[in-house]
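Only one structure is covered here, and it is reproduced in the block below.
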Amino acid sequence: MTYMIEMKDVIVERDGVRVLDGINMHLEHGERLAIIGSNGAGKTTFLRALIGLQKKSGGTIHAFGRERRVEDDFREMRLRAAYLFQDADDQLFCPSVVEDVAFGPLNKGLSEDDAMAKARTTLERLGLSALSARITRKLSGGEKRLVCLAAILAMEPDVLLLDEPTNSLDAQHVEKLVEILKSLDVAMIIVSHDRPVLDRLASRAMLMKNNKLEPAVLHRHPHVHEHVHIHTDHA
Amino acid sequence: MTYMIEMKDVIVERDGVRVLDGINMHLEHGERLAIIGSNGAGKTTFLRALIGLQKKSGGTIHAFGRERRVEDDFREMRLRAAYLFQDADDQLFCPSVVEDVAFGPLNKGLSEDDAMAKARTTLERLGLSALSARITRKLSGGEKRLVCLAAILAMEPDVLLLDEPTNSLDAQHVEKLVEILKSLDVAMIIVSHDRPVLDRLASRAMLMKNNKLEPAVLHRHPHVHEHVHIHTDHA
Amino acid sequence: MAHIPDGVLSFPVLIGGGVIAACAVALGLKKIGDEDIPRTAILASGFFALSLFALPVGPSSVHLLLGGLMGIVLGAAIFPAVCVALLLQAVMFGFGGLTTLGVNVVNIALPGALIGSLVAPMIQSATPARAALIAGVASALCVGLTGLLVAPALALSSADYMFSARVMIATYIPLMLIEGLVGGFCISFVKRVKPELLAGAA
Amino acid sequence: MSLARFSDTPALLITRLDPRSRIIGAVFCVLAAVSMTTTVGQIGMIIAALALATFADVNWRDMLHRLAHVEGFMVVLLILLPLSVDGRTFIAFGPLALSETGLMRALAIVLKVNASVIATMALLATLEPVRLGRGMATLGVPARLVHLLLFLVRYQSLFREEGARLMEAMRARGFAPRLDMRTWRAYGNFTGMLLVRSMERAERVEESMRCRGFSGKFPLRMTRALNPTDYAFMCLLGLLIFGLFLLDRLA
Ligand SMILES: Nc1ncnc2c1ncn2[C@@H]1O[C@H](COP(=O)(O)OP(=O)(O)OP(=O)(O)O)[C@@H](O)[C@H]1O
Ligand SMILES: Nc1ncnc2c1ncn2[C@@H]1O[C@H](COP(=O)(O)OP(=O)(O)OP(=O)(O)O)[C@@H](O)[C@H]1O
Ligand SMILES: [Mg+2]
Ligand SMILES: [Mg+2]
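Chains as they are written, first to last, in the numbering used here: chain A, 698 to 932; chain B, 698 to 932; chain C, 33 to 234; chain D, 143 to 393.
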């Protein structure tokens with residue numbers, strides 16, 4: 698009963714349709730839980746319900762030692778369970794990168810100066826110092842994603858909720874993201890279609906199917922495979 | 698010298714930075730050219746420069762038998778070189794699907810009735826007749842994409858410029874899109890990170906790197922591969 | 033209460049508002065060419081969407097009027113933009129009314145158009161901080177002017193409304209403050225991120 | 143939040159009408175509602191509006207919701223009228239005296255406003271906004287204004303969704319609105335971001351229009367001729383309103 702996060706029989710309806718129909722899930726310290734499932738299965742809805750952005754119509758959510766029911770409970774919970782949105786454009790809303798990264802720490806109650814310092818050290822730790830003064834609107838897609846990650850890591854969360862973190866990233870950026878995530882010592886729930894990435898990160902997996910989460914096993918076997926490569930002439 | 702499209706030493710600057718630095722490229726009848734490259738390499742900028750949406754600061758562009766310099770040249774060129782935008786919401790601005798598809802033909806000078814007829818036959822050819830009276834705002838992401846394709850095909854272009862056409866589509870819609878593109882008898886330039894799709898479509902490839910386009914070879918070889926699978930317990 | 037519903041105002045006031053609004057909308061439509069319509073319309077959509085957000089403020093929430101910002105960004109096109117937005121709002125959500133459309137357009141768009149055209153050139157050449165200050169004051173003034181227009185629209189309709197109109201003006205004071213602050217920070221954001229947005233006002 | 147259901151269920155009378163008849167009908171109903179001078183006439187108009195609503199595909203729960211909202215808007219007016227208007231005292235609570243004239247004025251306003259809202263909702267809220275725009279065009283509203291409306295219909299919901307996601311992102315990072323500078327700055331950033339995004343969207347849409355040969359002239363499609371149902375509806379509505387007027391003036 699000392700799970701960090703536990704969901705019991707959670708039901709969510711959107712426009713009268715049951716998108717989640719009795720979800721049971723728990724997360725322990727240090728776990729990295731992969732969640733897979735097809736488009737529209739309800740993975741994003743699940744993450745949103747977990748931190749109270751989506752209203753549930755049944756079931757209970759426990760997090761960090763107590764039940765979370767009303768907006769005030771969730772507000773406190775969100776400071777410890779940080780959510781990386783599916784689309785980076787939805788997450789960035791401050792003019793410059795450093796301001797955006799400082800937004801969370803400010804909400805945690807840090808002074809303006811402390812929050813800025815925190816933002817700078819977080820950016821530095823991720824090797825993003827060069828972006829610090831840039832305008833968020835003018836970053837490339839991959840850069841935006843990394844800045845979003847910095848923005849939530851600056852809150853020093855205990856749990857990361859990642860919604861398709863490698864979406865629209867090129868191979869190099871994926872590599873960098875995976876390295877960063879692997880180096881972090883926090884529990885994670887990772888929603889992704891990207892099997893190789895999940896393979897490298899996840900310690901456990903669940904499948905979203907028929908509006909329910911069921912346990913799944915991540916395992917690998919060798920394959921003979923036709924693989925397409927693109928080489929330049931002089932490469 | 699009878700290339701459909703030819704770019705010579707094209708230079709493009711954005712915010713004072715050289716994003717394209719001497720691009721050379723040509724496209725022949727019936728070719729399907731794949732363009733790959735990392736995030737921010739300049740692929741979208743290249744397509745935009747090709748049809749004059751992005752101003753170049755050097756080099757020449759020839760298309761359909763003559764040089765294209767000023768907006769009037771490009772205006773005429775764009776009726777024959779159709780560009781599929783990265784975001785379908787930019788492209789579908791008319792109230793209903795059939796009106797949107799008829800918009801291009803109307804601008805080409807067809808009468809109202811002829812343009813509508815043209816729109817209907819195009820939608821039918823792509824198997825989208827059922828969507829014809831729908832309100833564009835209320836389509837799903839995949840449907841929007843396919844309607845965009847219908848909208849530009851209704852202009853009977855000689856060349857298609859596709860910017861990440863399979864982005865954010867699920868497997869079924871990807872399949873349908875690829876089938877449609879394969880059945881078309883027009884030249885194409887396809888920008889995409891999706892290697893399997895490029896493998897099935899492209900007849901030639903180029904790589905965007907260091908602000909230049911260089912020839913690349915698409916080739917495949919069998920691989921022994923560790924492949925990750927996720928199974929549910931009772932699957 | 034800037035969206036006066038049908039059934040409150042008297043006919044002379046409705047007709048007066050309607051005539052002024054019709055002229056202003058016609059003028060605005062003349063100013064924008066056919067080729068400017070997509071840009072104006074999509075920006076107007078952004079403003080309309082914004083005005084529909086209930087921003088939580090303490091235990092309550094407010095809707096922004098955005099007259100000042102619209103005036104600065106849209107110029108004279110504010111009249112047709114506000115006109116279609118209010119029509120849609122009356123039809124889709126039941127705020128405002130059909131007969132009061134003219135009066136409501138005047139109340140919201142006229143202050144924006146006047147003050148916006150006055151400060152837009154100043155904002156273009158100002159630093160972000162100064163631009164924020166100017167835009168903040170302009171936004172607050174527009175809300176105040178809207179209040180000062182709503183009140184006589186009521187008072188002229190019937191002497192009975194006189195007292196209510198005075199009370200209503202008082203409720204505009206906190207709104208002025210909020211809109212001034214948000215408008216100021218908004219322009220500071222735009223100035224830093226996309227100053228072109230402030231360059232095209234007609 | 144769409145008020146109408148736009149359902150495919152067997153069409154009710156109102157939903158089968160041409161947009162033009164519905165626009166004209168709505169304007170006349172509202173004008174009539176506003177002009178009623180007696181309580182009898184005003185109540186008659188409410189009943190007529192409710193009758194229209196039953197022939198339209200109105201969602202009654204949404205209707206109540208909307209009416210409650212409208213009442214909320216007028217609450218200041220309604221409370222102050224009986225207090226401030228002079229007249230015979232109807233009832234007194236200590237120093238507060240409610241005048242009879244004031245109460246009657248307030249009642250008249252409530253009846254007129256509600257009749258207008260119900261009629262508008264019955265005839266226009268159940269109309270797909272795109273068809274509303276087309277109807278307006280055929281009634282002679284300037285094409286530019288109609289195009290503005292159509293674009294607004296197309297893009298406002300897109301921006302509302304974008305804005306809602308931005309708001310969620312703020313909450314997800316622990317944002318709690320207070321009465322301090324940081325809150326106003328956050329709202330300013332939110333407003334600015336949504337505006338910048340609409341500007342960028344506008345630029346891209348313009349480009350995509352140019353790519354399809356747009357030269358500044360919009361095609362606008364005409365609708366078919368009115369059918370007998372439309373004429374019948376307008377005649378009946380005209381008679382009804384005329385009857386209510388007689389009742390109003392004679393009562
Ligand atoms: N705003 C909304 N209103 C109503 N229903 C919605 C809304 N957004 C999503 N849905 C529905 O909820 C269901 C679950 O959507 P959700 O976004 O959670 O799926 P997902 O598993 O995250 O899919 P993807 O892999 O495409 O991100 C879908 O069937 C979708 O149609
Ligand atoms: N609006 C802009 N203003 C200034 N620079 C920009 C703008 N948009 C993009 N850039 C810059 O131009 C370069 C090329 O961008 P482009 O969008 O062409 O890349 P891309 O290859 O299409 O990338 P992706 O795969 O992420 O779509 C990037 O370095 C980017 O930072
Ligand atoms: Mg999702
Ligand atoms: Mg691109």
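For every residue, glycine included, the Cβ atom is placed at its ideal position computed from N, Cα and C.
Q. Quick one: any contact between the stretch 381-393 of chain D and the stretch 831-850 of chain B, if contact means 3 or more CB pairs under 8 Å?
A. no
Q: Would you mind sorting N256(D) into buried or exposed? The rule is 16 or more other CB atoms within 10 Å of its CB.
A: For the purposes of this step, residue 256(D) is identified with residue 114 of the fourth sequence, where counting begins at 1. Classification for N256(D): buried.
Q: Tell me, please, which residues DSSP counts as bridged to K906(B).
A: Position 209 of the second sequence, counted from the first residue, corresponds to residue 906(B). K909(B).
Q. For H723(A), does the three-state DSSP call read helix, strand or coil?
A. Against the first sequence, residue 723(A) aligns to sequence position 26. Three-state result, H723(A): strand.
Q. Under 8 Å between C-beta atoms, does M335(D) make it to chain A?
A. By 1-based counting over the fourth sequence, the position of residue 335(D) is 193. Yes, M335(D) lies at the interface with chain A (some Cβ there is under 8 Å from its Cβ).
Q.
Which of the three DSSP states is assigned to T742(B) in this structure?
A. To locate residue 742(B), count along the second sequence from 1; it is residue 45. In this structure, T742(B) counts as helix in the three-state DSSP scheme.
Q | CA-to-CA distance, K752(A) to V767(A), given in whole angstroms | A | Your numbering for residue 767(A) matches position 70 in the first sequence. Your numbering for residue 752(A) matches position 55 in the first sequence. Going by the C-alpha atoms only, they are around 10 Å apart.
Q. Quick one: is the Cβ of Q869(A) within less than 7 Å of any heavy atom of ligand 4?
A. Reading the first sequence from its first residue, position 172 is the one you call residue 869(A). No.
Q: Could you check the C-alpha separation between A778(B) and D855(B) for me, to the nearest Å?
A: The count along the second sequence starts at 1 and reaches residue 778(B) at position 81. The count along the second sequence starts at 1 and reaches residue 855(B) at position 158. Taking the straight line from one Cα to the other gives about 6 Å.
Q) Smallest Cα separation from M885(B): which of S826(B), V794(B) and L781(B)? A) The count along the second sequence starts at 1 and reaches residue 885(B) at position 188. Comparing Cα-Cα distances from M885(B) to each of S826(B), V794(B) and L781(B), the minimum goes to L781(B).
Q: Take the Cβ of M704(A) as the centre, count every other Cβ of all protein chains shown within 10 Å, and call the residue buried at 16 or more, exposed below.
A: Numbered from its first residue, the first sequence carries residue 704(A) at position 7. Classification for M704(A): buried.
**Q.** the stretch 712-723 of chain A / the stretch 857-868 of chain A touching (three or more Cβ pairs under 8 Å)
**A.** no
Q | Per-residue contacts from F221(C) into chain A (C-beta, under 7 Å) | A | Against the third sequence, residue 221(C) aligns to sequence position 189. Neighbours of F221(C) on chain A, chain order: P792.
(Q) If I measure Cβ to Cβ from P271(D) and keep anything under 6 Å in the same chain, skipping five residues before and after, which residues do I get? (A) Along the fourth sequence, read from residue 1 onward, the residue named residue 271(D) stands at position 129. So the list reads V295, once near-sequence residues are dropped.
Q. Are the stretch 895-911 of chain B and the stretch 145-155 of chain C in contact at 8 Å, needing three or more beta carbon pairs?
A. no
Q: Sort out for me which residues DSSP pairs T757(B) with in a bridge.
A: For this step, residue 757(B) is matched to residue 60 along the second sequence. In the DSSP output, where bridge partners are listed per residue, T757(B) has K705(B).
Q) DSSP three-state call for L850(A): helix, strand or coil? A) As a working mapping, residue 850(A) is identified with position 153 in the first sequence. Reduced to three states, the DSSP call for L850(A) is helix.
Q.
DSSP three-state label for I260(D), please.
A. Walking along the fourth sequence from the start, residue 260(D) turns up at place 118. Helix, per DSSP.
Q. Under a CB-based cut-off of 8 Å, is R158(D) close to chain B?
A. Residue 158(D) sits at position 16 when you count from the first residue of the fourth sequence. For R158(D), the answer is no, since every Cβ of chain B falls outside 8 Å of its Cβ.
Q: At 8 Å on the CB atoms, spell out the chain C contacts of V272(D), in chain order.
A: What you label residue 272(D) is simply residue 130 of the fourth sequence in a count that begins at 1. The premise fails here: V272(D) is roughly 11 Å from chain C at the closest Cβ pair, so nothing lies under 8 Å.
Q. If T933(B) and R711(B) are in contact, beta carbons under 8 Å, what's the gap, nearest whole angstrom?
A. The displayed coordinates of chain B run from 698 to 932. Any statement about residue 933(B) would go beyond what the structure contains.
Q) Would a check of beta-carbon distances place N804(B) closer than 8 Å to chain D? A) For the purposes of this step, residue 804(B) is taken as residue 107 along the second sequence, with counting starting at 1. Yes, N804(B) lies at the interface with chain D (some Cβ there is under 8 Å from its Cβ).
Q) Roughly how many angstroms lie between the CA atoms of K805(B) and E764(B), to the nearest whole one? A) The residue given as residue 805(B) occupies position 108 in the second sequence. The residue given as residue 764(B) occupies position 67 in the second sequence. Their Cα atoms are separated by approximately 21 Å.
(Q) Assess contact between the stretch 151-165 of chain C and the stretch 171-190 of chain D, defined as three or more Cβ pairs (one per stretch) separated by less than 8 Å. Is contact present? (A) no
Q: Closer than 8 Å, Cβ to Cβ, to anything on chain D: give me those residues from the stretch 63-79 of chain C, in chain order.
A: I64, G65, D66, E67, I69, P70, R71, T72, A73, I74, L75, A76, S77, G78 and F79
Q: Check whether the stretch 208-223 of chain C touches the stretch 100-114 of chain C, taking contact to mean three or more Cβ pairs, one atom from each stretch, closer than 8 Å.
A: yes
Q. In chain order, which continuous runs of the beta strand (DSSP E) of length 3 or greater are located wholly inside the stretch 767-792 of chain A?
A. 778-781
Q. Any C-beta of chain B sitting closer than 8 Å to the C-beta of E303(D)?
A. For the purposes of this step, residue 303(D) is taken as the residue at position 161 of the fourth sequence. Closer than 8 Å: no.
(Q) For ligand 4, I want to know if T757(A) counts as a neighbour, meaning its beta carbon is within less than 7 Å of at least one of the ligand's heavy atoms. (A) Residue 757(A) sits at position 60 when you count from the first residue of the first sequence. Answer for T757(A): no, Cβ out of range of ligand 4.
Q) Looking at the C-beta of I849(A), does it have a partner C-beta in chain C at a distance below 8 Å? A) For the purposes of this step, residue 849(A) is taken as residue 152 along the first sequence, with counting starting at 1. False, the Cβ-Cβ gap to chain C never drops below 8 Å.
Q) When you compare only the Cα positions, how much space is there between L118(D) and G229(D)? A) As displayed, chain D neither begins before 143 nor continues past 393, which places residue 118(D) out of reach and without an answer.
(Q) To be precise: take each residue of the stretch 725-736 of chain B, compare its Cβ to all Cβ atoms of chain A, and keep it if any distance is under 9 Å. Which residues remain? (A) A731, I733, G734, S735 and N736
Q: Could you spell out the range, first to last residue, of the beta strand (DSSP E) harbouring I887(B)?
A: Against the second sequence, residue 887(B) aligns to sequence position 190. Segment A884 to V888, the beta strand (DSSP E) holding I887(B).
**Q.** the stretch 808-834 of chain A: positions lying closer than 9 Å to chain C by Cβ
**A.** I832, T833 and R834
Q: Run down chain D in chain order and give the residues with a C-beta less than 8 Å from the C-beta of I748(A).
A: Walking along the first sequence from the start, residue 748(A) turns up at place 51. Per Cβ cutoff of 8 Å: A314.
Q: Would you identify the three-state DSSP class for A799(A), choosing helix, strand or coil?
A: Taking the first sequence and counting its residues from 1, the one referred to as residue 799(A) is at position 102. Reduced to three states, the DSSP call for A799(A) is helix.
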